[in-house]
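K.L.:
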Amino acid sequence: MYLTKEEKQGLFEKHGKGKNDTGSTEGQIALFTKRIAHISSHLKTNKKDYNSERSLVMLVGKRRSLLDYLMKKDIVRYREIVKELGLRK
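Take the sequence shown: its position 18, counting from 1, is numbered 18 in full-length UniProt numbering, and each next residue is one higher.
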């Protein structure tokens with residue numbers, strides 16, 4: 001598995017409210033960003049893997065909707081997470 005339990009907990013601890021807070025918006029966005037990066041690197045070597053390509057598009061859409069929700073809810077937290085993760089916009 002590309003993402004171990006410890007890495008995932010570290011991700012949620014850094015971006016969420018704690019290592020067990022897997023439902024926070026920032027934690028979910030960080031997890032999706034990590035998964036998107038992994039699938040993108042996979043698709044660079046496997047160009048005809050259309051199932052992974054579809055899952056990548058779906059993940060990007062989910063992350064976008066979470067970012068839109070966070071922007072409406074709290075613009076300061078939105079700007080922080082975009083800056084931390086290096087997302088454009």
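By construction, the Cβ of each residue, glycine as well, lies at the ideal position given by its N, Cα and C atoms.
Thinking C-alpha only, which one of Lys5, Asp74, Glu13 and Arg64 is nearest Phe32?
P.N.:
Locating residue 32 in the sequence shown gives position 32, counting from the first residue. Considering only alpha carbons, the answer is Arg64.
K.L.:
One question on the structure: do His15 and Glu26 come within less than 9 Å of each other, judged by their Cβ atoms?
P.N.:
For this step, residue 15 is matched to residue 15 along the sequence shown. For this step, residue 26 is matched to residue 26 along the sequence shown. Contact: yes.
K.L.:
Report the residue from Glu80, Gln28 and Gly10 whose alpha carbon sits nearest the alpha carbon of Val60.
P.N.:
Taking the first residue of the sequence shown as position 1, residue 60 is located at position 60. If we check each option's Cα against that of Val60, Gln28 comes out closest.
K.L.:
Check whether the Cβ atoms of Ile39 and Ser52 lie closer than 9 Å to each other.
P.N.:
Against the sequence shown, residue 39 aligns to sequence position 39. Against the sequence shown, residue 52 aligns to sequence position 52. Yes, the pair counts as a contact, with Cβ atoms nearer than the cut-off.
K.L.:
Can you give the Cα-Cα distance for Leu67 and Phe12, rounded to whole angstroms?
P.N.:
To locate residue 67, count along the sequence shown from 1; it is residue 67. To locate residue 12, count along the sequence shown from 1; it is residue 12. C-alpha separation (whole angstroms): 16 Å.
K.L.:
Just to confirm, is the Cβ distance from Gly10 to Lys19 under 9 Å?
P.N.:
On the sequence shown, residue 10 is found 10 positions in, with the first residue counted as 1. On the sequence shown, residue 19 is found 19 positions in, with the first residue counted as 1. In this structure, Lys19 lies closer than 9 Å to Gly10 by Cβ.
K.L.:
Buried or exposed for Tyr50, going by 16 or more other Cβ atoms inside 10 Å?
P.N.:
Numbered from its first residue, the sequence shown carries residue 50 at position 50. Its Cβ having fewer than 16 others within 10 Å, Tyr50 is exposed.
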